[in-house]
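Participant:
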Amino acid sequence: GENVEQHPSTLSVQEGDSAVIKCTYSDSASNYFPWYKQELGKRPQLIIDIRSNVGEKKDQRIAVTLNKTAKHFSLHITETQPEDSAVYFCAAVQGYIPTFGRGTSLIVHP
Amino acid sequence: NAGVTQTPKFQVLKTGQSMTLQCAQDMNHEYMSWYRQDPGMGLRLIHYSVGAGITDQGEVPNGYNVSRSTTEDFPLRLLSAAPSQTSVYFCASSPPTGGNGNTIYFGEGSWLTVV
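Chains as they are written, first to last, in the numbering used here: chain P, 361 to 470; chain C, 611 to 725.
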């Protein structure tokens, strides 16, 4: 089955810095790669996603890149703000079933 | 649309007790699933369903049962609760994919403690 590795597990940055979270996947049949943000005590919510026919997607301060050949994808957050502090999960999806990474706890210091 | 609704939000069980976590969605989604979330372990799939009458096991199915008698409902049953089942449980649903992945919508979560 699919295996998703996510790094780092914890990321601490100063407000205004950029943050990058990286994920690798094992199954070349995976074709959809969403990223979820989970604030403390809340449900995971989709923040951005990318499909396998696209290399990069941007939405304001967040962007995702996908390298299908290397089987890795990354989340980039620019100009980080304290409200970006949360746990971020990547996932690789084949058909219905997503496989999630273990999460990255992002801490943005004011 | 209410989205994905799960109940209860908090529950304390004694070892050996059984209970059912309820999950309902009003978006006519084919795919529904249950995850448990433990510190440092991410979201682990317990059971899933790709339509009414169809269920299958995920990564950590032991100790849990599911059924899918309607498109809307997907209850999770703990047969004989154990302290190892203390966790946060999320129900999720997704629209038809047409062979491609699609957005997963999560319920608000159920915090379960087994003592």
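Ideal Cβ positions, reconstructed from N, Cα and C, are used throughout, including at glycine. Note that the coordinates shown come from a computational prediction; the quantities given were computed from them, not determined experimentally.
Is there a Cβ of chain C sitting closer than 8 Å to that of Tyr456 (chain P), yes or no?
Facilitator: The sequence position of residue 456 (chain P) within the first sequence is 96, counting from 1. Yes, Tyr456 (chain P) counts as interfacial toward chain C.
Participant: With a threshold of 6 Å on Cβ separation, who are the neighbours of Val670 (chain C) within its own chain once the five nearest residues in sequence on each side are excluded?
Facilitator: Walking along the second sequence from the start, residue 670 (chain C) turns up at place 60. Arg654, Ile656, listed in sequence order.
Participant: Give the secondary structure of Ser386 (chain P) by DSSP, where H, G and I count as helix, E and B as strand, and everything else as coil.
Facilitator: As a working note, residue 386 (chain P) is residue 26 in the first sequence. The answer is coil: DSSP assigns Ser386 (chain P) none of H, G, I, E or B.
Participant: Using the beta-carbon count (16 or more within 10 Å), is Val622 (chain C) buried or exposed?
Facilitator: For this step, residue 622 (chain C) is matched to residue 12 along the second sequence. Exposed is the call here.
Participant: For the segment 397-420 of chain P, enumerate the residues whose C-beta is nearer than 9 Å to any C-beta of chain C, in chain order.
Facilitator: Listed in sequence order: Gln398, Gly401, Lys402, Arg403, Pro404, Gln405, Leu406, Asp409, Arg411, Ser412.
Participant: What is the rounded straight-line gap between the Cα of Gly376 (chain P) and the Cα of Glu439 (chain P)?
Facilitator: Locating residue 376 (chain P) in the first sequence gives position 16, counting from the first residue. Locating residue 439 (chain P) in the first sequence gives position 79, counting from the first residue. So the two alpha carbons sit approximately 4 Å from each other.
Participant: Looking at the secondary structure, which residues open and close the beta strand (DSSP E) in which Gly652 (chain C) lies?
Facilitator: For the purposes of this step, residue 652 (chain C) is taken as the residue at position 42 of the second sequence. It spans 652-661 - the beta strand (DSSP E) in which Gly652 (chain C) sits, taken as one unbroken run.
Participant: Between Thr625 (chain C) and Ala691 (chain C), how many whole angstroms is the CB-CB distance? I'm expecting something under 8 Å.
Facilitator: To locate residue 625 (chain C), count along the second sequence from 1; it is residue 15. To locate residue 691 (chain C), count along the second sequence from 1; it is residue 81. That pair is a contact at about 6 Å.
Participant: Which residue or residues does DSSP assign as beta-bridge partners of Pro381 (chain P)?
Facilitator: By one-based count along the first sequence, residue 381 (chain P) stands at place 21. The question names Pro, yet the displayed sequence has Ile at residue 381 (chain P). Paired residue(s): P:Leu435.
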